[in-house]
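The opening position of the sequence shown corresponds to residue 1 in UniProt numbering, with each subsequent residue numbered one higher.
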Amino acid sequence: MTTFTPGTTYSSFRLKRSQYIEEIDSTVYLFRHEQLGTPALAIKNSDPNKTFCIAFQTVPTDSTGVAHILEHSVLMGSKKYPVKDVFGEIHKGGLMTFLNAMTGSDTTWYPFATRNMKEYFNIMDVYCDVTLNPLLERTTFEQEGWHYHKEAEDQPLQYQGVVFNEMKGAFSDPIRAIFHHMFGGLMPGSTYAHESGGDPRHIPDLTYEQFVAFHRKHYHPANAMLFFYGDAPLEEELAYVQNNFLADFATADAQGRGKVAIEPGREIDEPVFIEDTYGVQPGSDTKEKTFLAVGSAVGDMTQRKRNAAFQIIASILYNSDASPLKKAILKAGLCKDFGGLFLSNSCFKTFMMTYLIGSDPDKRDQFLALYQEVLQTMVDQGLDRELVLAELNRYEFSVREEGNKAQRGLDLISKAMPAMKYGTDPFEALQIDELLREIRRDALESDYFERLIRERLLENPATVAVTLKPDPEKMIRTMQEEQARLAAYEATLDKEGIQNLIRRTRELMELQHQPNDEEKLKLLPRLGLDDLERNIDFHRCTPRDLAQRPFLVNELPTNGIVYLDIGFDCRGLDREQLLALNLFGTIVTEIGTSRLDYMAFAKELGICTGGFHHSFHAHLHLEDPTSPRPTLWFHVKMLSSYLDRALTLLEEVFTDVSFADRSRIREIVQREFAWTEHSVQSEGYGLASTRVFARLGLAGQYNEHVSGAVNYLNLKDLASRYEEREEKFLETLETIRRHVFRRGSVMLAVTAGREDIARLEARMPLVSSLPENGDNTASQLALPDFPTFPARQAFCTSAEVVYNVMGCTLFPDPEKYDGQFEVLKTWLSRDYLWNTVRQMGGAYGCFIQFNHISGNFALVSYRDPQIRKTYQAYEAIEEQVRELNLPEPSLEQLIIGTYANFNPHQGPASKGATARNEYLSGITPAYKQQRISEILDTRCADLQKFAPLFKSLRTKGSLATIGNIEKIQENKDLFENIEKL
């Protein structure tokens with residue numbers, strides 16, 4: 001084993017510094033390439049989940065999205081791997097635990113992780129080649145970025161492109177617009193005033209030549225950073241990138257290049273006021289739909305202590321329900337919800353931003369005045385020390401929990417990368433313990449936080465206020481402007497020009513239809529079936545009893561953290577109660593008890609837990625797949641040192657939760673509606689998916705009523721008519737409490753170390769303090785009176801794109817399901833749908849949702865410009881599967897990719913949750929091992945046998961589309977019912 005000495009060169013990398021960092025149990029090495037200047041940071045430890053990343057400082061000078069389009073495009077083929085879609089091909093088959101590429105405001109990075117050493121160097125080779133030596137063909141630019149699209153003379157001219165459509169979806173989110181204006185307002189003329197992802201209005205301004213030139217300037221080793229993490233031999237990693245890639249770049253070419261400079265812009269020295277609009281549905285009421293925000297520049301990336309302090313101050317001001325600022329703004333009736341955050345990783349500067357959701361334009365001045373007034377009072381009177389302690393504890397908990405993350409390497413790389421980019425110390429960036437001790441002392445024993453608030457928020461002239469108003473005409477106007485621009489271009493073309501455009505469109509479509517050349521595919525480095533372990537040691541939970549109730553135990557190393565789930569059986573709730581169940585869960589986790597009001601409760605939660613939230617799951621069992629067990633789960637995580645205090649608080653919550661604070665409950669209802677409405681309008685595919693599954697069985701009906709479209713419409717009505725419905729709603733909350741918080745309804749699951757599990761088992765009152773079952777009659781298990789929904793549904797929102805979902809019960813007989821279907825599912829999602837819906841159709845993504853217990857199956861497209869074409873692609877699956885004829889190497893890769901799904905890399909919390917759900921579904925390690933054997937033994941004929949099942953998708957399937965109203969109206973013949981959300 002090589003001993004690395006500072007000042008010594010290893011494969012052209014000179015070691016600048018090394019240090020063992022105890023708190024991450026890793027030795028960290030910082031190298032610099034002698035000829036090219038490329039920095040490399042290695043974080044070495046015993047973690048088998050090896051992680052590699054190559055990153056480039058990509059500095060946009062406009063909002064054409066060139067950096068984002070390049071991120072997509074380099075993955076579409078390189079000199080060494082001239083395959084049509086390298087990323088798609090390696091994604092089909094491999095054991096990678098993480099594989100992605102991301103574009104930030106000034107950086108594009110390409111990370112991956114795997115537990116397999118052979119694959120680690122394989123994908124390292126691929127990622128280095130596609131980034132440093134990409135093909136960047138014009139057709140790739142057109143497919144991934146944008147192109148003029150016209151299929152026939154009688155067809156309209158359109159813009160098409162994956163990034164173009166992705167960003168249309170992204171720009172449907174008004175929060176994104178606030179961030180854009182905040183960056184531009186605080187740093188005018190800077191790199192960050194541009195939209196690195198691309199503004200759909202400006203993406204068509206980008207030329208192919210500019211695209212290629214951007215790569216030539218930015219994707220050079222002199223402008224790159226390398227990161228290595230895990231247990232791979234460091235000397236081999238350095239030698240590999242040097243011998244296979246960096247040695248090919250001449251020293252002379254690197255002279256004078258260095259990092260591409262970021263344009264800092266100018267600093268503002270007085271308040272700036274920005275007004276803009278965002279699209280809502282035509283005819284919509286615009287009252288209480290304005291977003292207001294105020295942001296201040298508070299420092300830069302070199303100020304570690306200040307930045308960590310502001311992370312905690314942000315939690316005090318925005319996240320805690322005990323925040324005086326939050327309380328004052330909500331009590332003043334200025335908005336439906338209030339929030340904020342500290343931005344510290346997006347660019348060199350750091351910012352604090354406060355925002356209101358569900359406000360009105362004329363409330364801006366009142367908001368800004370109240371913001372200043374409350375902050376001034378907090379500074380003058382001093383911060384509540386219990387509140388400070390609560391948020392200090394919560395922040396330290398999050399730091400401790402980082403050690404439990406499955407993708408620990410990715411997390412540490414993301415911490416070190418800003419230091420590498422901006423010239424600060426990456427070793428310091430990986431250490432926090434001493435800094436937190438210093439901050440804790442200063443925050444609790446001095447006015448440190450108060451001084452920061454006064455100096456950087458109250459007395460800081462570098463402030464921007466944004467007013468983002470709803471505009472019912474904007475969506476139509478934007479579409480008309482796009483059509484006018486297209487018409488103007490088309491008017492410049494003569495008949496021959498039109499025919500050339502149609503020809504180029506068809507040539508691109510034909511190219512997209514063509515499969516990859518088998519000989520070129522052989523160039524990609526692959527694993528084989530011999531590289532896989534046939535027998536996997538699956539983790540399973542151990543069932544025990546606690547006070548005669550089920551207690552599911554996962555004994556795992558958790559770094560001193562206890563993860564506890566408390567589940568309550570919800571069978572017997574009627575439809576009205578199910579519609580209120582999600583709100584009930586939220587209110588219980590926030591409202592407090594008879595002893596503790598919501599602010600005191602929030603402080604106590606922050607002091608003794610790392611978080612308290614709820615979820616809903618309709619569990620299905622293999623032995624009875626049509627009878628779900630609807631369960632409301634409450635999840636709490638806590639440090640071992642606070643276990644007893646946290647359990648005492650939980651006992652109080654479940655026996656003495658109080659719904660007496662009507663004002664606070666109303667605030668929660670309005671807030672939940674504001675956020676749900678925001679999510680529905682900007683994304684919303686979950687509502688379409690849930691609606692389809694609601695037609696396929698009782699589990700889907702439960703989910704529809706707890707979190708689907710029918711729940712959203714009920715929430716909308718409740719929020720708009722709250723005074724009228726308040727009494728009945730509060731009665732419903734009390735009825736749910738009496739029904740579910742019973743001893744006979746509860747089960748528990750824990751993931752922790754052995755000693756903490758023993759301590760938890762000794763806490764019988766957590767269960768025994770719950771009331772007895774009460775009236776345990778047959779009516780308690782009666783099914784709700786669920787309605788029947790239309791088979792073909794559309795929901796209209798203000799989004800510029802759509803989301804298309806189609807589903808059916810693919811396996812009415814669960815006995816026909818086996819692991820071979822999982823291989824087919826991999827082919828469908830990573831090959832067929834990737835090619836037809838994403839690359840040819842222009843959608844940002846398409847994926848499958850499948851429950852192997854119920855046999856229910858759905859296809860989901862994401863940020864899709866198409867409706868009819870996507871459904872046609874779905875309906876063609878039966879024929880495609882019947883005629884499927886995969887070469888042996890391609891089938892083998894699909895098998896490997898499917899195998900990886902059955903053996904994921906998980907942190908302890910996720911591993912425990914998976915084991916809990918599998919136990920409740922009757923899934924055993926033997927069951928999973930049988931699926932693994934079936935996967936590994938799959939032949940192509942085994943896939944073809946499933947073709948007849950897809951006939952039901954075509955003949956009996958349900959579909960739901962959510963999104964752009966114009967696109968839905970153009971395809972209204974596809975739907976039985978069109979509803980406005």
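Glycine residues also receive a C-beta, built at the ideal position from the N, C-alpha and C atoms.
Through-space distance from residue j to residue i, alpha-carbon basis
{"i": "E755", "j": "L556", "result": "11 Å"}
{"i": "V746", "j": "N917", "result": "15 Å"}
{"i": "D775", "j": "F795", "result": "Because the pLDDT at D775 is just 45, under 50, the model does not fix this residue reliably, and the value given afterwards should be weighed accordingly. Their backbone Cα atoms lie some 41 Å apart in a straight line."}
{"i": "T777", "j": "H739", "result": "With a pLDDT of only 46 at T777, under the threshold of 50, the placement of this residue in the model should not be trusted; the figure read from the coordinates follows. For T777 and H739, the distance between alpha carbons rounds to 12 Å."}
{"i": "V28", "j": "P39", "result": "13 Å"}
{"i": "Q906", "j": "N851", "result": "20 Å"}
{"i": "Q160", "j": "D360", "result": "36 Å"}
{"i": "C940", "j": "L501", "result": "40 Å"}
{"i": "A443", "j": "Y598", "result": "24 Å"}
{"i": "C19", "j": "S73", "result": "It should be pointed out that residue 19 corresponds to Gln in this sequence rather than to Cys. The alpha-carbon atoms of Q19 and S73 are separated by roughly 38 Å."}
{"i": "Q930", "j": "Y110", "result": "35 Å"}
{"i": "G358", "j": "G585", "result": "23 Å"}
{"i": "T542", "j": "R456", "result": "52 Å"}
{"i": "R590", "j": "P625", "result": "The sequence shown places Glu at residue 590, rather than the Arg named in the question. Each residue's alpha carbon lies about 35 Å from the other."}
{"i": "E667", "j": "S707", "result": "19 Å"}
{"i": "I268", "j": "A462", "result": "5 Å"}
Residue i burial status per 10 Å Cβ neighbour count (16 or more: buried)
{"i": "F273", "result": "exposed"}
{"i": "T558", "result": "buried"}
{"i": "H613", "result": "exposed"}
{"i": "K972", "result": "exposed"}
{"i": "H513", "result": "exposed"}
{"i": "L341", "result": "buried"}
{"i": "A487", "result": "exposed"}
{"i": "L639", "result": "buried"}
{"i": "R691", "result": "buried"}
{"i": "E445", "result": "exposed"}
{"i": "M764", "result": "exposed"}
{"i": "E800", "result": "buried"}
{"i": "R645", "result": "exposed"}
Sequence-distant residues of the same chain with beta carbon closer than 8 Å to residue i, five excluded per side
{"i": "R838", "result": "V162, Y844, G845, C846"}
{"i": "S779", "result": "Caution applies to S779, whose pLDDT of 48 falls short of 50 and renders its modelled position unreliable; the model cannot decide the point."}
{"i": "L521", "result": "V83, E89, P889, S890"}
Host alpha helix (DSSP H) of residue i (start-end)
{"i": "R400", "result": "385-401"}
{"i": "R32", "result": "No alpha helix (DSSP H) holds R32; the beta strand (DSSP E) holding it covers 26-33."}
{"i": "D644", "result": "643-656"}
{"i": "D540", "result": "The residue asked about is misnamed: residue 540 is Arg in this sequence, not Asp. No alpha helix (DSSP H) holds R540; DSSP gives it neither H nor E."}
{"i": "P426", "result": "426-429"}
{"i": "I413", "result": "408-422"}
Contacts around residue i, its chain only, beta-carbon distance under 6 Å, and the 5 residues preceding and following it disregarded
{"i": "K869", "result": "G841"}
{"i": "V280", "result": "P470, P472, S798"}
{"i": "R394", "result": "G606"}
{"i": "S46", "result": "D231"}
Span of the beta strand (DSSP E) around residue i
{"i": "C608", "result": "Looking at the DSSP string, C608 is not in any beta strand (DSSP E); the run it does join, the alpha helix (DSSP H), is 598-608."}
{"i": "T631", "result": "624-639"}
{"i": "H613", "result": "611-621"}
{"i": "K50", "result": "50-57"}
{"i": "W109", "result": "107-114"}
{"i": "M509", "result": "No beta strand (DSSP E) holds M509; the alpha helix (DSSP H) holding it covers 495-513."}
{"i": "V680", "result": "Element bounds for V680: not the beta strand (DSSP E) but the alpha helix (DSSP H), 662-682."}
{"i": "F551", "result": "549-555"}
Near the ligand NAD: residue i beta-carbon under 8 Å from a heavy atom
{"i": "G842", "result": "Inclusion of the ligand NAD in the displayed structure is not the case, the ligand content being empty and no account of it being possible."}
Contacts around residue i, its chain only, beta-carbon distance under 7 Å, and the 5 residues preceding and following it disregarded
{"i": "T139", "result": "L508, L511"}
{"i": "T424", "result": "M301, T302"}
{"i": "S63", "result": "H194, E195, G198, D199, H202"}
{"i": "E934", "result": "D818, G819, Q820"}
Minimum Cβ-Cβ distance from residue i to chain D less than 9 Å
{"i": "V710", "result": "Absent from the structure is chain D; it holds one protein chain and no more."}
Runs of beta strand (DSSP E) lying entirely within the region 303-379, each at least 3 residues, in chain order: The DSSP assignment places complete beta strand (DSSP E) segments of no fewer than 3 residues inside the region 303-379 at 337-343, 349-359, in order along the chain.
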